[in-house]
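Chemist:
Residue numbers (my numbering): -9 to 152.
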């Protein structure tokens, strides 16, 4: 079974999806600081960030056990808030981010259904959260999560025990 490798998978999506051409690809290792995004915020206006640092868990599933991993993806874009068109610019930016989100989810589902990229056991839910305006001034967007289960064996191996 192919294992899901988060960063190469989303780097590939970033390279293929036309709407992401102007978005900087970033790796996130802490959702509280978003370090690579913050360090790039002066030179870039749009960001496509991936975080694979969420802790996993082992849970029962279909008569066995799986290791469940959650990955977070951020889609953020700056907008012009000044003048009479500030709200229109913000709305257009949010709509762009929502459309990109839907395009990525459709790709994820297609890859899962074709049993590609280690997504065979990906969950059917793709929750998303829109970014509060005060988090990044003049930046709109959202982040979403995907959950991938990896079947594991928890049978006792007598050779490992005294």
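Here a beta-carbon is modelled for each residue, glycine too, at the ideal position from N, C-alpha and C.
The structure displayed is predicted, hence computed values, not measured ones.
Please identify the residue among 60, 9, 109 whose C-alpha is closest to the C-alpha of residue 43.
Modeler: It is 60 whose Cα lies nearest to the Cα of residue 43.
Chemist: In or out: residue -3 buried (at least 16 other Cβ within 10 Å) or exposed?
Modeler: So residue -3 counts as exposed.
Chemist: Assuming contact is defined by CB atoms lying nearer than 8 Å, are residue 69 and residue 128 in contact in what I supplied?
Modeler: Cβ atoms of residue 69 and residue 128: closer than 8 Å.
Chemist: Specify, as a first and last residue, the run of the alpha helix (DSSP H) that residue 0 falls within.
Modeler: From DSSP, the alpha helix (DSSP H) with residue 0 extends over -4 to 6.
Chemist: If you follow the beta strand (DSSP E) that residue 50 is in, where does it begin and where does it stop?
Modeler: Here the beta strand (DSSP E) through residue 50 covers 47 to 51.
Chemist: If the criterion is Cβ atoms closer than 8 Å, does the pair residue 40 and residue 6 meet it?
Modeler: No; because the gap between Cβ atoms is not below 8 Å, this pair is not in contact.
Chemist: With a 10 Å radius around its C-beta and 16 neighbouring C-beta atoms as the bar for buried, classify residue 98 as buried or exposed.
Modeler: Per the 10 Å Cβ criterion, buried.
Chemist: For residue 114 and residue 93, I'd like the C-alpha separation in whole angstroms.
Modeler: Using only the alpha carbons, I get a separation of about 15 Å.
Chemist: Could you compute how far the alpha carbon of residue 8 sits from the alpha carbon of residue 2?
Modeler: About 12 Å.
Chemist: What would DSSP say about residue 120, mapped onto helix, strand or coil?
Modeler: Three-state result, residue 120: strand.
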